[in-house]
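At position 311 of the sequence shown (counting the first as 1) the number is 426 in this note's numbering, and the numbers step up by one without a gap.
Where a beta carbon is used, it is the ideal one built from N, C-alpha and C, also for glycine.
Written out below as structure tokens is the structure these notes cover.
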Amino acid sequence: MKPEMIGMSRVLVVGGGAAGMFAAVTAARNGQEVFLFEKNEKLGKKLFITGKGRCNITNACDMETLFSSVIRNSRFLYSSFYGYTNQDVIDFFEKLGVKTKTERGGRVFPESDHSSDVIRALEQELKRLGVRVFLNTRVEKIITQNGMFSEAEIVNERAGGKKRVKGDACVIATGGLSYPSTGSTGDGYRFAGECGHSIVPCAPSLVPMEVKEPWAGSLMGLSLRNVKASVFQGKKCLFQDFGEMLFTHYGVSGPLIISASSYLGEKLEKQELKLEVDLKPALDEKQLDQRVLRDFEENHNRQFKNALGKLFPSKLIPVMVELSGIDPEKKIHGISRDERQRFVYLIKRLTMTVTGLRDYNEAIITRGGVKTKEVDPGTMESKLVKGLYFAGEVLDLDALTGGFNLQIAWSTAYAAGNNAAKE
Ligand SMILES: Cc1cc2nc3c(=O)[nH]c(=O)nc-3n(C[C@H](O)[C@H](O)[C@H](O)COP(=O)(O)OP(=O)(O)OC[C@H]3O[C@@H](n4cnc5c(N)ncnc54)[C@H](O)[C@@H]3O)c2cc1C
């Protein structure tokens with residue numbers, strides 16, 4: 116069908132996720148006419164599932180921590196983070212009636228624990244400001260003229276048919292590739308590429324890991340708290356932290372592992388890595404040896420396999436027995452000092468071979484995206500196409516869990532929305 120021209124618009128926003136809604140609110144608060152296009156039947160599908168449905172909107176940390184929690188291109192965020200801080204995010208939602216609370220690690224949530232309250236507040240603000248929201252509307256193409264944004268070609272997902280919409284500026288806020296069922300299917304990378312932008316290769320990040328050892332699968336469902344995980348590339352330690360991990364049918368997951376994944380992506384493409392889990396990080400090897408010795412003395416006449424109940428959860432015992440190489444039926448009093456010390460070594464270094472990361476269906480964010488060098492960090496405007504802006508996960512930015520990725524979305528969207536409105 117021949118594209119048909121419809122009315123004039125000022126700021127077009129592509130994508131009704133966190134960044135798109137916020138860019139639209141910001142541009143509209145500047146008095147502009149704003150059109151927001153979302154291909155789903157509703158806004159904020161991904162936002163709805165964030166923080167396990169509770170939406171960890173930001174982190175109440177100091178600015179230094181905010182920057183250090185960004186894994187890639189944190190310097191690019193200097194102006195936008197200072198231009199719209201974590202406190203600004205909290206104030207914004209509080210003013211719209213969403214009371215917030217701060218939990219462990221500075222994680223900020225709506226007091227109600229409902230992400231739907233965050234989405235509703237944004238929707239009501241969009242409505243109040245007169246933003247025209249087009250649902251079921253996919254942007255198909257970004258059209259430029261003489262190095263300037265000119266119009267967007269849109270398709271109604273239900274009725275079909277293409278239309279063109281003119282705009283003075285356009286904010287691309289289409290997200291990344293993770294959880295594609297929420298609508299993030301990477302369209303923005305194509306738009307950016309067609310406009311001449313470089314795309315830093317994308318990969319799943321903040322994602323569980325696959326491991327080679329079959330015993331890991333046998334521990335499926337087992338969660339370990341207060342352990343230390345270290346990931347090594349040869350002798351080089353790539354990541355080390357304390358926390359909680361979980362065994363799954365394919366390998367390992369849980370907050371500690373998800374965080375570790377952010378540091379491994381590129382390395383794993385080239386080689387396998389070693390994951391070492393210290394099951395008793397509060398004790399050094401000597402202290403642990405004494406602790407094991409005490410347990411052994413209490414279970415003097417028991418078989419090895421029946422003497423470990425105080426050391427590990429029951430599901431883990433058969434695996435530890437097997438990996439120790441000690442005969443499970445051997446009486447404790449028959450275990451040599453050398454065998455015991457090797458066992459202690461194993462408890463401090465339960466080692467797995469990481470073969471890969473899980474895919475986008477399980478990844479909290481996408482690593483890679485629109486190259487930040489080609490975007491003005493103060494305004495989020497493309498350095499290649501005037502009037503074209505980027506916000507949120509479509510950019511080559513990613514951070515740890517804890518509300519930092521949404522902070523990236525809010526801050527970049529604020530910069531984009533504010534500056535797009537000046538076109
Ligand atoms: C399970 C899960 C939990 C998470 N929890 C948290 C958390 O608690 N705290 C936190 O900080 N971060 C969290 N994140 C990360 C966070 O959700 C993202 O970083 C954030 O949503 C990115 O916002 P965005 O607006 O850039 O992209 P998205 O939220 O992905 O929004 C992009 C929107 O654009 C639309 N779109 C795409 N292409 C087109 C097109 N061609 N035309 C029209 N519309 C289009 C999509 O349908 C989508 O609605 C979580 C992520 C996941 C997957």
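Of all alpha-carbon atoms in LYS385, VAL149, ALA397, the one lying nearest the alpha-carbon of GLY245 is that of VAL149. The nearest non-hydrogen atom of ligand 1 is 7 Å or more from the C-beta of PHE347.
Remark: the shortest separation between the CB of ASN271 and any heavy atom of ligand 1 does not fall under 7 Å.
For ARG247, the shortest separation between its Cβ and any heavy atom of ligand 1 does not lie below 7 Å.
Non-local beta-carbon contacts of LYS157 in its own chain, meaning distances under 7 Å to residues more than five positions away in sequence, involve LEU250 in chain order. Annotation note: the region 354–410 contains the following uninterrupted alpha helix (DSSP H) runs of length 4 or greater, listed N- to C-terminal: 370–376, 380–385. Looking only at VAL485, GLY507, VAL509, the smallest Cα-Cα distance to LEU499 is reached by VAL485.
For ASN174, DSSP records a beta bridge to ARG222. Placement of the Cβ of THR487 at a distance of 7 Å or more from every heavy atom of ligand 1 is found. Looking from the CA of CYS170, the closest CA among ARG235, MET178, GLU384, GLU255 belongs to ARG235. When only Cα atoms are considered, GLN402 and GLN348 end up about 28 Å apart. Of the candidates LEU521, ARG273, GLY369, ALA331, LEU521 places its Cα closest to the Cα of ILE480. For PHE427, there is no enclosing alpha helix (DSSP H), as DSSP gives it neither H nor E.
Rounded to the nearest whole angstrom, the CA to CA distance from THR215 to TYR529 is 20 Å. VAL346: not part of any alpha helix (DSSP H); member of the beta strand (DSSP E) spanning 338–348, first to last residue.
Less than 8 Å separates the beta-carbon of GLY291 from that of GLY301.
In this structure, SER526 sits near LEU192, with a CB-CB distance shorter than 8 Å.
For the pair of segments examined, the region 171–185 was found not to touch the region 265–284: the number of CB pairs separated by less than 8 Å stays below three. In the DSSP assignment, ASN271 falls outside any alpha helix (DSSP H) and lies within the beta strand (DSSP E) extending over 263–271.
In the three-state reduction of the DSSP assignment, ARG187 falls in the strand class, which pools E and B.
Of the residues ALA318, GLU384, LEU394, ALA284, the one whose Cα lies closest to the Cα of SER338 is LEU394.
Burial check for LEU408: the Cβ neighbour count within 10 Å stays below 16, so the residue is exposed.
Nearest to THR466 by C-alpha distance, out of GLU477, LYS327, VAL248, LYS425, is LYS327. Taking non-hydrogen atoms of ligand 1 into account, the C-beta of CYS176 is found less than 7 Å away from none of them. Below 8 Å, too few C-beta pairs join the region 408–421 and the region 367–374 to call them touching: fewer than three.
Annotated three-state conformation of LYS281 is strand, per DSSP. In the DSSP assignment, PHE419 falls outside any beta strand (DSSP E) and carries neither an H nor an E. DSSP, read as helix, strand or coil, puts ASP203 in helix.
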